[in-house]
Structure formats: structure tokens, C-alpha cells
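Novice:
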Ligand SMILES: NC(=O)c1ccc[n+]([C@@H]2O[C@H](COP(=O)([O-])OP(=O)(O)OC[C@H]3O[C@@H](n4cnc5c(N)ncnc54)[C@H](OP(=O)(O)O)[C@@H]3O)[C@@H](O)[C@H]2O)c1
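Numbering (our numbering), first residue to last: 1304 to 1606.
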């Protein structure tokens, strides 16, 4: 097994399949990307999505809305996109302004166009192991395990973080009865007692906390696999800006069996999965329903 679980080879595999399927099915996938306000981190992600879309042959239409928009304004924009057959996917860039109810905004998106899996219908289908558009970050974690052929079946996977976009859907996906899942899962959070002892017992640790370098070497079991979802902006000693994860990469490196880098790990895979969802949605709009499982098999069974 490789020690450094880089995201780039995984993203390349996913992108290759997306490009091939677009050509094979004569698709013109098109998405609406809604940005609210001018948060610099959001602006960075938005530009990344636009350039990824251009490379893949997917149209990304950006709608930049003012930070002071009302909930009804946003609902109207989404309703218009829901009704527009030329738009196959809708993504709402987070964070949303405080006057917009976060969870409710997900319910406004048509579940068939919900490529970031914010709608309760898609999130609910995960619990029932039904096919749906999948949340990108948890799927990126699963793709990393699958690409690097890390055994998951029967293993104790511990997730730190219980958010609705990462920890909770990931826990449910790891419980799926699939050859590449079938894990025993523990989810921890800021109220968990004896967190260190719990982390010590895990074969695979997924950190989605938002606290720089939170997980240290003395917390983990020897030969644990460490998957870092966190992306935290830091200021380096020389005052330059940098990014670190929730796992202290340098301190954990020797003790871990394998570890994802930050940047260059899970985050690198996430955007390509947004376009996999868009591909599924645009194919469905043409009348062909293909399970996300079929796409993943196609990506990971091809050597
Ligand atoms: N790579 C990607 O594509 C991607 C995508 C999304 C997010 N992220 C990154 O992943 C991280 C988490 O994001 P999120 O949206 O899931 O965050 P979030 O909604 O803020 O949730 C953070 C979770 O961590 C828990 N937590 C916080 N401090 C803790 C502590 N000291 N001990 C144990 N648990 C603690 C919180 O517990 P409580 O529930 O008790 O508050 C919460 O469940 C962030 O760094 C974010 O930037 C990356």
C-alpha cells in the first residue's frame, strides 16, 4: 500500500471516465453555480469549479447574488433553475448569508438536480442504501479507500465530526453492504468523552473537524490509516498563507500505515465528484438512469 494517499490519481481516473461518457452519450452537461456574497474562500472554490468544468466539457453558469439577498430571492432563483430543462445540476456555494436558513435552502433544489446532495431526499436515500446523487466529500473519502485498495470491510472506522455534509452521510455510506464498505463505524464530536481512547481503537480515522492539526501521533493506533478532510487556512512563521488539515501530518506520518496530505488529498477528489453527479443528472435528463454505483465500478474496476 502506498503511504501517501494523494488525491490527484483518483481525480484523474474520475475525470477520464466523465470525459469518455460525455462523448459516448453525446451529452452537454450544464450546471448553475450560485454564489452569494463575496467570501474570498468561496470565490476560490467557485473559480476552481468553473475551470474544472471547462476542462471536462461541462457548462458552468455562475450566478453571483448579493450577500443581502432575501431567502425568497434565492428560492426564486432556484425555482427558475429547477424548471429550466437546459440546466441539469444546481450547486449552492456555502457559506450562505446568515438570513438564509441553511438546511431549508437544500430543500428548494430539485433532488434530480441536487449535485451537491443538500436535499433531504438525497440524504435520506443514503440511509436506505438507495441510489441518489451523492455528497461529494464523503464520496471522495470512499473513493480514496477504494483507489488505494485499503480494506474497509469489518474494520473500525472512526469519524471525528458529525456535520450533515461530511460526518453523518459518510458514516451511513461506510455502513452500506458493499464489498468496499461494510465497516463498523463510530462518530465522535465535541461532546465525546474519552476521545483519545476511542481514536486509539480505530483502524481508519477520518477527521472532519475544522481544527488545525488536531489529531496527534499519540492519539492514534500504530498502523492506522488516516484520512484528513479538514482544510484550515494558517499563517506560516514567515507570514505566508498556507493550508493544513485536521491531522498533524508531520507528527503522525511515521506511526500511520497511510495518510492523506493537505492540500492534495481528499479535497482534490471532491470537485471531480461534483461533475460525476452532473454527468448522472444530465444522463437522467435524457432518459437514461444509471446508478452512481455503476459509474464508480466503471472508474475503479478499470486498471
Ligand atoms: N475536503 C473537502 O472537500 C471538504 C469539504 C467540506 C469541509 N471540509 C473541511 O472539513 C472540516 C470540517 O468541515 P464541516 O463542514 O464538516 O465542519 P462543521 O460543520 O463545523 O463540523 C465540525 C465537526 O467537528 C466537531 N468538532 C469540533 N471541534 C471538535 C473537538 N475539539 N473535538 C471533537 N470534535 C470536534 C464538531 O462537533 P459538534 O457537532 O459537537 O460541534 C462538528 O461535529 C473543515 O476544515 C472544512 O473546511 C473539507
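A virtual CB, placed ideally from N, CA and C, is assigned to each residue, including glycine.
Ligand 1 and residue 1446: does any heavy atom of the ligand fall closer than 7 Å to the residue's C-beta?
Specialist: The answer is no for residue 1446.
Novice: Bridge partners for residue 1544 per DSSP, in chain order?
Specialist: DSSP output for residue 1544 lists 1538 as bridge partner(s).
Novice: With which residues is residue 1611 paired in a DSSP beta bridge?
Specialist: Residue 1611 falls outside the range modelled here, since the chain spans only 1304 to 1606, and no answer is possible.
Novice: Starting from residue 1427, follow its DSSP beta bridges and name the residues at the other end.
Specialist: Answer by DSSP bridge pairing: none, since residue 1427 is not bridged.
Novice: Using a 10 Å radius around the Cβ and a threshold of 16 neighbouring Cβ atoms, would you call residue 1315 buried or exposed?
Specialist: Exposed, because fewer than 16 other Cβ atoms sit within 10 Å of the Cβ of residue 1315.
Novice: Taking the continuous alpha helix (DSSP H) assigned at residue 1443, which residues delimit it?
Specialist: Element bounds for residue 1443: 1439-1450.
Novice: Let me know if residue 1449 comes out buried or exposed under the rule of 16 or more other beta-carbons within 10 Å of its beta-carbon.
Specialist: Residue 1449 comes out buried.
Novice: Would you mind stating whether residue 1391 and residue 1333 have Cβ atoms separated by less than 8 Å?
Specialist: In this structure, residue 1333 lies closer than 8 Å to residue 1391 by Cβ.
Novice: Any heavy atom of ligand 1 closer than 7 Å to the Cβ of residue 1492?
Specialist: Yes, since a heavy atom of ligand 1 falls inside the 7 Å radius drawn around the Cβ of residue 1492.
Novice: Would a C-beta distance cut-off of 8 Å place residue 1340 and residue 1414 closer than the cut-off?
Specialist: Taking 8 Å as the Cβ cut-off, residue 1340 and residue 1414 do not qualify as a contacting pair.
Novice: Report whether the distance from the Cβ of residue 1590 to the nearest heavy atom of ligand 1 is below 7 Å.
Specialist: No, since every heavy atom of ligand 1 falls outside the 7 Å radius drawn around the Cβ of residue 1590.
Novice: Let me make sure I understand the geometry here. Which of 1547, 1551, 1537, 1488 has the alpha-carbon closest to that of residue 1522?
Specialist: Closest by alpha carbon: 1551.
Novice: Which whole-angstrom value is the C-beta distance of residue 1532 and residue 1509, which I expect to be below 8 Å?
Specialist: With a Cβ gap of about 6 Å, residue 1532 and residue 1509 count as contacting.
Novice: Could you say if the region 1380-1395 and the region 1580-1593 meet the contact criterion of at least three C-beta pairs nearer than 8 Å?
Specialist: Result yes; three or more Cβ-Cβ pairs closer than 8 Å.
Novice: Specify the secondary structure class of residue 1504 as computed by DSSP and reduced to three states.
Specialist: Note: residue 1504 maps to coil in three-state DSSP.
Novice: Is residue 1562 helix, strand or coil when you go by DSSP?
Specialist: Residue state, collapsed to three classes: strand.
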